[in-house]
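Student: Just so we're aligned, residue 8 is where the sequence shown starts under the working numbering, counting upward by one.
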Amino acid sequence: MKNKKDLRIGLVGTGFMGRTHTNGYKRVSDFFPDLGYHPVLKAVCSRNKDKVQAFADQWGYESIETDWKALVARNDIDAIDICTPNDSHAEIAIAVAKAGKMVLCEKPLARNVAEAKQMADAIEKAKVKNTVWYNYRRLPAVTLAKQIVASGKLGKIYHYRANFLQDWTINAELPQGGAGLWRMDSDVAGSGVTGDLLAHCIDTAMWLNGAITDVSAVTETFVKERMHALTGKVQKVGIDDACIFHCHFENGSLGLFESTRYARGHKALYTFEINGANASIRWDLHDLNRLEYFDHRDESIVRGWRSVHVTDGDQPYMDKWWVPGLGIGYEHSFVHQVADFLKSLETGETCAPTFKDAYETQKVCEAVIDSANTKSWKDTGVEWKL
Ligand code: SOE
Numbered sequence: 008m009k010n011k012k013d014l015r016i017g018l019v020g021t022g023f024m025g026r027t028h029t030n031g032y033k034r035v036s037d038f039f040p041d042l043g044y045h046p047v048l049k050a051v052c053s054r055n056k057d058k059v060q061a062f063a064d065q066w067g068y069e070s071i072e073t074d075w076k077a078l079v080a081r082n083d084i085d086a087i088d089i090c091t092p093n094d095s096h097a098e099i100a101i102a103v104a105k106a107g108k109m110v111l112c113e114k115p116l117a118r119n120v121a122e123a124k125q126m127a128d129a130i131e132k133a134k135v136k137n138t139v140w141y142n143y144r145r146l147p148a149v150t151l152a153k154q155i156v157a158s159g160k161l162g163k164i165y166h167y168r169a170n171f172l173q174d175w176t177i178n179a180e181l182p183q184g185g186a187g188l189w190r191m192d193s194d195v196a197g198s199g200v201t202g203d204l205l206a207h208c209i210d211t212a213m214w215l216n217g218a219i220t221d222v223s224a225v226t227e228t229f230v231k232e233r234m235h236a237l238t239g240k241v242q243k244v245g246i247d248d249a250c251i252f253h254c255h256f257e258n259g260s261l262g263l264f265e266s267t268r269y270a271r272g273h274k275a276l277y278t279f280e281i282n283g284a285n286a287s288i289r290w291d292l293h294d295l296n297r298l299e300y301f302d303h304r305d306e307s308i309v310r311g312w313r314s315v316h317v318t319d320g321d322q323p324y325m326d327k328w329w330v331p332g333l334g335i336g337y338e339h340s341f342v343h344q345v346a347d348f349l350k351s352l353e354t355g356e357t358c359a360p361t362f363k364d365a366y367e368t369q370k371v372c373e374a375v376i377d378s379a380n381t382k383s384w385k386d387t388g389v390e391w392k393l
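(1) May I ask you to report which of helix, strand or coil DSSP gives E306?
(2) What separation, rounded to the nearest whole angstrom, lies between the Cα atoms of N5 and A218?
(3) In angstroms with no decimal places, state the Cα-to-Cα distance between D88 and T368.
(4) In the DSSP output, which residue or residues are listed as bridge partners for Q183?
(5) If you draw a straight line from the alpha carbon of K392 to that of L215, how long is it in whole angstroms?
(6) Going by DSSP in three states, K134 sits in which element: helix, strand or coil?
(7) Quick check on this structure: which residue in K385, D291, K382, S307 has the alpha carbon closest to the alpha carbon of Y337?
(8) Near C90, what residues of its chain come up, given a Cβ to Cβ distance below 8 angstroms and the 5 sequence neighbours on each side ignored?
(9) If I measure Cβ to Cβ from S314 and keep anything under 6 angstroms in the same chain, skipping five residues before and after, which residues do I get?
(10) Based on the DSSP output, what are the partners of R81 in its beta bridges?
(11) Starting from K114, trace the alpha helix (DSSP H) in both directions and tell me its first and last residue.
(12) Taking the beta carbon of P46 as the centre, do at least 16 other beta carbons fall within 10 Å, making it buried, or is it exposed?
(13) Where do the N-terminal and C-terminal ends of the beta strand (DSSP E) with E280 fall, by residue?
(14) Are R15 and K49 closer than 8 angstroms when you measure CB to CB?
(15) Does any residue of chain C have a CB that is nearer than 8 angstroms to the CB of L48?
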């Protein structure tokens, strides 16, 4: 391995995202050997000592902490990665920025715009390296979509359409709150599908197609009361179980977005489609190595949707993996984000989406919820440069 500098990681949180990010840190140097930095799994932190020790043993962290403040105070850590439920993102990230350490934060950045603004301001003031894990941007087919849109191949864009459909909360007996189910507790999560799922769609959409300027939304909470796992009491459900919104983009195109956790049969169906005057593209997370492309300029006798298998060495990230024709998976998006973050340490560039970018996404999420609550169109106030 080339002589690399260490990037000493302190991870907060040992859930699903703690695992995806750690896998990214562990894999990156094997597949991106030319990077100048190498992540070192210095410490992992979580409140339950036995659980955090088990996580450290399984994944290879050198040490543990049970208080994130102790982790932030350590002088053998360069970067803190926040993988906790949403209600602690702001407090931890602001403390990390004040301590002058780099910060990587799981999406959504925060529960609401007020928190997101404080976080983006703290990062801006401290001038520390940062990124937010909107991982889907870094699936090769999605990155290829970005390259195609940026090349102008699609022509003037008229429509952007996205879905993120799941079905895991249909059972009315499922409690809200606590480990794993904090996503159903609005005090902890901030919102339901809007912050958890549509935030992904909005991040990708603005990255590909520019600012969303105004929105009109409808939300529904199908199960109004659920037992709270922490209090043991039946409590009102505050999250949106489903959300549909339409919007204008700054470039004049129209957007249509739908998300729900009540679409029986769908586990994580994230799809998007963009229609331009010349060509269209569409993508589906369940077939993540493929990008579909239709070009009206093709000779009419062979014109049709092409299903591009994005596995060739000249397609994004794929020269780092196997041989043409062999696909990669969900987890690779996190490896790619680590690689791009490490690269940004060498180049001095930012690693998008930054806290500032994720703050803009938060503005759209909040405008969506406001619009649904007031049954009216809302301006997002987004500032976004393509
Ligand atoms: C929710 O089920 C969830 O795990 C989201 O929190 C993730 O961000 C998404 O990528 C998959 O679904």
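Where is the CB? At the ideal position from N, CA and C, for every residue including glycine.
Tutor: According to the structure shown:
(1) coil
(2) Outside the displayed span of the chain (8 to 393) sits residue 5, for which this structure offers no information.
(3) 20 angstroms
(4) H235
(5) 11 angstroms
(6) coil
(7) D291
(8) L18, V19, G20, T21, G22, M24, G25, H28, E113
(9) R297, E299
(10) Looking at the DSSP assignment, R81 forms no beta bridge with any residue, so it has no partner.
(11) No alpha helix (DSSP H) contains K114, which DSSP labels as neither H nor E.
(12) buried
(13) 276-283
(14) yes
(15) Among the chains of the structure shown, chain C does not appear; only one protein chain is present.
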